[in-house]
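In the working numbering, the protein residues as written are 491 to 758.
Glycine residues also receive a C-beta, built at the ideal position from the N, C-alpha and C atoms.
All values derive from a computational prediction rather than experimental measurement.
Written below as structure tokens is the structure these notes are about.
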């Protein structure tokens, strides 16, 4: 089947356009994401009408969640870009993802609208290059977000005092931040463009990702020193200190795998 040419049922777009747009939907950006600042995309601050992560771009008096709203991964990319903006090595994951996505979509659309819809070999090569660029930049956002939650968990468990959480809020925050960390870290195993799976990358492989997940563990170390229902073999303080060391090691491996700067790794 020529998916570039094949109409998707009775829809006015092709199967290839549909699948690509669905993938973009999982990223979660507004179609005009490049018109937003990072702070606007992360729904933090900015221009009136833009500073909540959405904007009525077509001026119809409504926010179309399919095209005028930032969700999930797109917001996380903006958060990490904003978090590095004041440092010596600011990232621009949002632009990296969006420019590659838009270029890819244009190639697919151009091919679909030919008299004889098809991708030339050169067009397909360029399409695959853009898709890989978008995938790698998107995964960097995920990895950077895992780094962010490593930093959060380290800060959270550093508040433990005398074998007890600093407060109920501290206990709940540890659970939230650790769960975010584990989920984002686990998601790094799937993409063929991941440095852990890309055979052209020799510095890291899946064994390194397995080590990162082992260092994070299946539960955080609690204030009494226990982890995943297993009591500490020594003092609670020693167990917490050792876990901070493991998280720091996991963070360093993520930094090496994705080429994050020292400043960004610490500031996220």
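Enclosing alpha helix (DSSP H) for residue i [first to last residue]
i, result
"residue 521", "Residue 521 -> no alpha helix (DSSP H), and no H or E assigned at all."
"residue 552", "Here residue 552 belongs to no alpha helix (DSSP H), and DSSP marks it neither H nor E."
"residue 711", "No alpha helix (DSSP H) holds residue 711; DSSP gives it neither H nor E."
Residue i vs residue j beta-carbon contact at 8 Å
i, j, result
"residue 607", "residue 495", "yes"
"residue 629", "residue 683", "yes"
"residue 568", "residue 532", "yes"
"residue 540", "residue 634", "no"
"residue 747", "residue 705", "no"
"residue 581", "residue 574", "yes"
"residue 675", "residue 645", "no"
When the options are compared against residue i, the one with the closest alpha-carbon
i, options, result
"residue 601", "504, 620 and 642", "504"
"residue 663", "584, 674 and 650", "650"
"residue 642", "672, 554, 515 and 513", "672"
"residue 732", "749, 707 and 750", "707"
"residue 589", "566, 556, 523 and 605", "523"
"residue 618", "604, 598 and 636", "598"
"residue 513", "667, 756, 542 and 625", "625"
"residue 693", "644, 734, 736 and 744", "744"
Counted within 10 angstroms of its Cβ, other Cβ atoms place residue i as buried (16 or more) or exposed
i, result
"residue 571", "buried"
"residue 596", "exposed"
"residue 565", "buried"
"residue 655", "buried"
"residue 658", "exposed"
"residue 500", "exposed"
"residue 639", "buried"
"residue 611", "exposed"
Assumed close pair residue i, residue j - CB separation to whole angstroms, cut-off 8 Å
i, j, result
"residue 696", "residue 686", "5 Å"
"residue 711", "residue 647", "6 Å"
"residue 594", "residue 621", "5 Å"
"residue 689", "residue 627", "Going by Cβ atoms, the distance from residue 689 to residue 627 rounds to 20 Å, so no, they are not a contact pair."
"residue 536", "residue 527", "5 Å"
"residue 753", "residue 579", "6 Å"
"residue 544", "residue 560", "7 Å"
"residue 558", "residue 547", "5 Å"
Min CB distance residue i to chain C below 8 Å
i, result
"residue 567", "The structure shown contains no chain C; it is built from a single protein chain."
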